[in-house]
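Structure, as C-alpha cells:
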Amino acid sequence: MSESTLTRPTVANPVPALPPGRGIRLGIKRIGYEVKTYFRVGDQVFFTFLFPVVMLSIFATAFSTSGKIGTNPDGSGGITQGAYYLPGMIAAGILLSGVQNLATDIATEKSDGTLKRLGGSPLPVISYFIGKMGQVFVTSLAQIVLLLLVARVVFSIDLPTEPELWARFAWLYLLGIITSAVLGIALSAVPRTGKSATAVVIPIVLVLQFISGVYLMFTMLPEWLQNIASVFPLKWLAQGMRSVFLPESFADLEQNGSWELDWVAIIMLIWCVVGLLLCRFTFRWIRKDS
Numbered sequence: 003m004s005e006s007t008l009t010r011p012t013v014a015n016p017v018p019a020l021p022p023g024r025g026i027r028l029g030i031k032r033i034g035y036e037v038k039t040y041f042r043v044g045d046q047v048f049f050t051f052l053f054p055v056v057m058l059s060i061f062a063t064a065f066s067t068s069g070k071i072g073t074n075p076d077g078s079g080g081i082t083q084g085a086y087y088l089p090g091m092i093a094a095g096i097l098l099s100g101v102q103n104l105a106t107d108i109a110t111e112k113s114d115g116t117l118k119r120l121g122g123s124p125l126p127v128i129s130y131f132i133g134k135m136g137q138v139f140v141t142s143l144a145q146i147v148l149l150l151l152v153a154r155v156v157f158s159i160d161l162p163t164e165p166e167l168w169a170r171f172a173w174l175y176l177l178g179i180i181t182s183a184v185l186g187i188a189l190s191a192v193p194r195t196g197k198s199a200t201a202v203v204i205p206i207v208l209v210l211q212f213i214s215g216v217y218l219m220f221t222m223l224p225e226w227l228q229n230i231a232s233v234f235p236l237k238w239l240a241q242g243m244r245s246v247f248l249p250e251s252f253a254d255l256e257q258n259g260s261w262e263l264d265w266v267a268i269i270m271l272i273w274c275v276v277g278l279l280l281c282r283f284t285f286r287w288i289r290k291d292s
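Per my numbering, the very first residue in the sequence shown carries number 3; after that it's consecutive.
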C-alpha cells in the first residue's frame with residue numbers, strides 16, 4: 003500500500019520525505035512497540051491470544067470421556083477429542099490474531115485520534131503497517147507455539163513428524179495470517195467508534211467459527227449452511243490445518259471427501275486479494291464522516 007493510496011489528514015506544513023529505506027527500518031523498530039502495547043491490554047490478550055488455548059482445554063477436558071473419533075469397527079485406532087479440535091483452534095487463532103485484533107485495534111486508534119496524529123507525523127505509512135503486520139506475525143506464532151505445547155504436554159496429543167506436513171503447515175499459516183491481517187485492516191473501516199468496534203467485529207468472528215468447522219464437525223451442519231461457510235476463508239483454513247494434524251483417513255469426513263488443498267489455496271488467495279482491494283479503497287487515517 004503506497005502513501006498515495008492511503009489518505010492522510012491535511013496538515014499545514016508538508017511532512018518531509020525520509021531517506022530511502024528509512025521507512026522500513028522504522029517499521030521494523032515499531033514492531034516491538036506494537037507487541038508491547040498488545041500484551042498490555044488484558045482483554046485483548048485473553049480474547050485473541052489465550053482464547054484458542056482456553057477453548058482447546060475446555061473441549062479436550064469436557065469430551066475426554068466421549069471416546070475417540072474415527073475408531074475402527076474393532077474399536078482400535080482413532081484420535082482423542084482434543085486432537086480433533088486442535089487444528090480448528092489453530093485456524094481460529096489465526097483469524098483472531100489477524101481479523102479481530104487488527105480490526106478493533108485500528109478502529110480504536112482511528113476513534114481516539116491516534117491515527118490522525120500519526121498521519122500528521124513524519125512516520126511513513128509503510129512503517130505503520132509493518133509494525134501492525136509484524137505484531138500479528140509475532141503474537142500469532144507465539145500463540146500457535148503455546149497451543150502446540152499445551153496440546154502435547156497437557157493433553158498428550160501426537161503432533162506430525164513428517165517434514166512435508168510441516169511444510170504444508172508453513173504455507174497454510176503464511177497465507178492464512180496475511181489474509182486475516184488484510185481483512186482485519188479492511189474491517190476496521192466499519193465500526194463508527196472505538197467503543198463499538200468489539201460489538202461489530204466479535205459477532206462476525208464468532209459466527210464464522212461456528213459455521214466453519216472449528217467448534218462443530220463441519221459435515222454436521224445443514225448443507226445450505228456448509229455452502230455459506232464455504233464462501234469464507236476460515237472454513238478452508240480449518241480444513242487445511244486438519245490435513246496437517248489429522249490422519250489421512252479423516253479426509254473422508256470432509257464435505258467432498260478430500261482435503262481439497264488446491265481449493266484451500268485458491269479461496270484463501272482470492273480473499274487475500276479482496277482484502278487488499280478493500281484496504282486500498284477504504285482505509286483512512288480519519289473517518290470520512292468525522
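For every residue, glycine included, the Cβ atom is placed at its ideal position computed from N, Cα and C.
Coil, strand or helix - residue 276 by DSSP: helix
Residue 30, DSSP secondary structure in three states: Three-state DSSP puts residue 30 in a helix.
For residue 81, the residue or residues it bridges with in DSSP: 71
Assumed close pair residue 231, residue 213 - CB separation to whole angstroms, cut-off 8 Å: 4 Å
Option in 82, 50, 119 and 45 with minimal Cα separation from residue 286: 119
For residue 286, the three-state DSSP class (helix, strand or coil): For residue 286, the three-state secondary structure derived from DSSP is strand.
Limits of the unbroken alpha helix (DSSP H) element including residue 260: In the DSSP assignment, residue 260 falls outside any alpha helix (DSSP H) and carries neither an H nor an E.
Any non-hydrogen atom of the ligand ADP within 7 Å of residue 181 CB: No copy of the ligand ADP appears in this structure; indeed no ligand is present at all.
Closest residue to residue 268 among 242, 157 and 146 (Cα-Cα distance): 242
Counted within 10 angstroms of its Cβ, other Cβ atoms place residue 36 as buried (16 or more) or exposed: The residue is buried, with at least 16 neighbouring Cβ atoms inside 10 Å.
Status (buried if at least 16 other CB within 10 Å, exposed otherwise) for residue 105: buried
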